[in-house]
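J.:
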Amino acid sequence: GENVEQHPSTLSVQEGDSAVIKCTYSDSASNYFPWYKQELGKRPQLIIDIRSNVGEKKDQRIAVTLNKTAKHFSLHITETQPEDSAVYFCAAVTGANNLFFGTGTRLTVIP
Amino acid sequence: DARVTQTPRHKVTEMGQEVTMRCQPILGHNTVFWYRQTMMQGLELLAYFRNRAPLDDSGMPKDRFSAEMPDATLATLKIQPSEPRDSAVYFCASGLVRANEAFFGQGTRLTVV
Chain A
374 GENVEQHPST
384 LSVQEGDSAV
394 IKCTYSDSAS
404 NYFPWYKQEL
414 GKRPQLIIDI
424 RSNVGEKKDQ
434 RIAVTLNKTA
444 KHFSLHITET
454 QPEDSAVYFC
464 AAVTGANNLF
474 FGTGTRLTVI
484 P
Chain G
77 DARVTQTPRH
87 KVTEMGQEVT
97 MRCQPILGHN
107 TVFWYRQTMM
117 QGLELLAYFR
127 NRAPLDDSGM
137 PKDRFSAEMP
147 DATLATLKIQ
157 PSEPRDSAVY
167 FCASGLVRAN
177 EAFFGQGTRL
187 TVV
């Protein structure tokens with residue numbers, strides 16, 4: 374199946390700084406790349422996604438980029454706030470519509 | 077507000093006992109996923125169903141785990157016999173094939189002692 378790798382596993386930033394999380398995938402047929410945010414003790418929830426026919430997508434302070442040739446995609450959070458502290462998961466949806474997750478990044482925003 | 081519903085929310089059981097976790101997908105969704113979350117392994121895919129048919133259960137230990145969808149409103153994950161290493165949070169998620177997005181339930185926190 375698909376193999377999704379995610380880095381870093383932990384990330385600490387000062388409030389107001391930017392945070393970047395990077396992921397790679399192995400299956401060239403994967404065509405949809407969602408990002409989920411999981412707050413402590415809660416379920417993962419979708420925050421942004423990108424399809425394979427798009428290189429970049431932005432929603433307020435968060436943006437995702439996709440490089441299909443290199444098979445990597447990234448999440449960018451600008452002007453970070455304490456409420457951004459959570460675990461973030463990247464994922465890839467394969468041609469068979471199966472959904473594979475990366476191992477997660479624990480982001481801590483220091484006030 | 078449509079949600080994926082999982083029961084029970086918490087389960088403590090003794091080693092060797094059978095455990096059954098249940099999931100009610102959002103009405104109309106045709107894909108169902110089961111994931112196991114531990115601190116070390118992130119979200120590990122156990123099983124994937126589309127239109128109630130199991131398409132991928134390669135991540136599931138076959139000797140003790142089984143997943144079924146007896147009907148479109150119920151998915152089950154069973155562990156028999158349970159072991160302490162099965163202690164984790166088990167999430168169910170559902171979605172639509174054409175939309176790709178998956179919605180998660182609140183999870184079942186399983187502790188095997």
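Chains as they are written, first to last, in the working numbering: chain A, 374 to 484; chain G, 77 to 189. Backbone N, C-alpha and C fix where the C-beta goes; we use that ideal spot for every residue, glycine too. Quantities reported herein were computed from a predicted structural model and do not represent experimental measurements.
1. Among L153/G, V173/G and R85/G, whose alpha-carbon lies nearest the alpha-carbon of V95/G?
2. Within a Cβ cutoff of 6 Å, which residues of the same chain sit near R438/A, ignoring the five residues on either side of it in sequence?
3. Between the C-alpha atoms of H105/G and T184/G, what's the straight-line distance to the nearest angstrom?
4. So which of G181/G, V188/G and G171/G has the shortest CA-CA distance to T81/G?
5. Helix, strand or coil: how does DSSP classify E120/G here?
6. Report the option in T187/G, V188/G and A178/G whose CA atom is closest to the CA atom of R126/G.
7. Can you list, in chain order, the residues of its chain with a C-beta nearer than 6 Å to that of R112/G? Leave out the 5 residues immediately preceding and following it.
8. By alpha-carbon positions, which one of Y461/A, E378/A, P407/A and E452/A ends up nearest to V386/A?
9. Could you compute how far the alpha carbon of E90/G sits from the alpha carbon of S458/A?
10. Curious, which full-length beta strand (DSSP E) runs of at least 3 residues does the region 95-177 of chain G contain?
11. Does DSSP classify D422/A as helix, strand or coil?
12. Can you pull the chain G neighbours of T442/A, defined as C-beta to C-beta under 9 Å?
13. So Y124/G contacts chain A; which residues on that side make the cut at Cβ distance below 7 Å?
14. Have a look at V159/G and G389/A and give me their C-alpha separation to the nearest angstrom.
15. Since Q387/A sits in a beta bridge, which residues does DSSP pair it with?
16. So what does V188/G bridge to, in DSSP terms?
17. Against R132/G, what residues of chain A qualify as contacts under a CB-to-CB distance less than 9 Å, listed in chain order?
18. Which bits of chain A does G183/G rub up against, with CB to CB less than 7 Å?
19. Report all residues from its chain with a CB closer than 6 Å to the CB of G477/A; omit the five preceding and five following residues, and keep chain order.
20. Using 8 Å as the limit for Cβ to Cβ distance, is D422/A near chain G?
T.: So, from the listed chains and residues:
1. Along the second sequence, read from residue 1 onward, the residue named residue 95/G stands at position 19. Checking every option, the nearest Cα to that of V95/G belongs to L153/G.
2. Sequence index remark: in the first sequence, residue 438/A carries index 65 (1-based). The displayed chain sequence assigns Thr, not Arg, to residue 438/A. Around T438/A: E429 and S447.
3. In the second sequence, residue 105/G corresponds to position 29, counting from 1. In the second sequence, residue 184/G corresponds to position 108, counting from 1. Spanning the two alpha carbons is a distance of roughly 20 Å.
4. Locating residue 81/G in the second sequence gives position 5, where the first residue counts as 1. Nearest C-alpha to T81/G: G181/G.
5. Within the second sequence, numbered from 1, the residue matching residue 120/G stands at position 44. DSSP places E120/G in strand when its eight states are reduced to three.
6. Against the second sequence, residue 126/G aligns to sequence position 50. Checked all of T187/G, V188/G and A178/G; the closest Cα to R126/G is A178/G.
7. For the purposes of this step, residue 112/G is identified with residue 36 of the second sequence, where counting begins at 1. Within the same chain, R112/G has close Cβ partners E120, L122, A164 and Y166.
8. The residue you call residue 386/A lines up with position 13 of the first sequence. It is E452/A.
9. In the second sequence, the residue the question calls residue 90/G occupies position 14. In the first sequence, the residue the question calls residue 458/A occupies position 85. Going from the Cα of E90/G to the Cα of S458/A covers about 35 Å.
10. 95-100, 107-114, 118-126, 129-132, 141-147, 150-155 and 164-171
11. In the first sequence, counting from the first residue as 1, residue 422/A sits at position 49. Reduced to three states, the DSSP call for D422/A is strand.
12. For this step, residue 442/A is matched to residue 69 along the first sequence. What T442/A touches in chain G: nothing, since even the nearest Cβ is about 22 Å away.
13. To locate residue 124/G, count along the second sequence from 1; it is residue 48. Simply N471.
14. Counting from one through the second sequence, the residue named residue 159/G turns up at place 83. Counting from one through the first sequence, the residue named residue 389/A turns up at place 16. The question names Val, yet the displayed sequence has Glu at residue 159/G. Cα to Cα, the separation comes out at about 45 Å.
15. Stepping through the first sequence from its first residue, residue 387/A is reached at position 14. I483/A.
16. Stepping through the second sequence from its first residue, residue 188/G is reached at position 112. Paired residues: T89/G.
17. Working through the second sequence from its first residue, we reach residue 132/G at position 56. One point to set straight first is that residue 132/G is Asp, not Arg, in the sequence displayed. The contacting residues are G374, A469 and N471.
18. For the purposes of this step, residue 183/G is identified with residue 107 of the second sequence, where counting begins at 1. R416, listed in chain order.
19. The residue you call residue 477/A lines up with position 104 of the first sequence. Once the five neighbours on either side are set aside, the close Cβ partners of G477/A are V460 and F462.
20. For the purposes of this step, residue 422/A is taken as residue 49 along the first sequence, with counting starting at 1. Chain G contact via Cβ: present.
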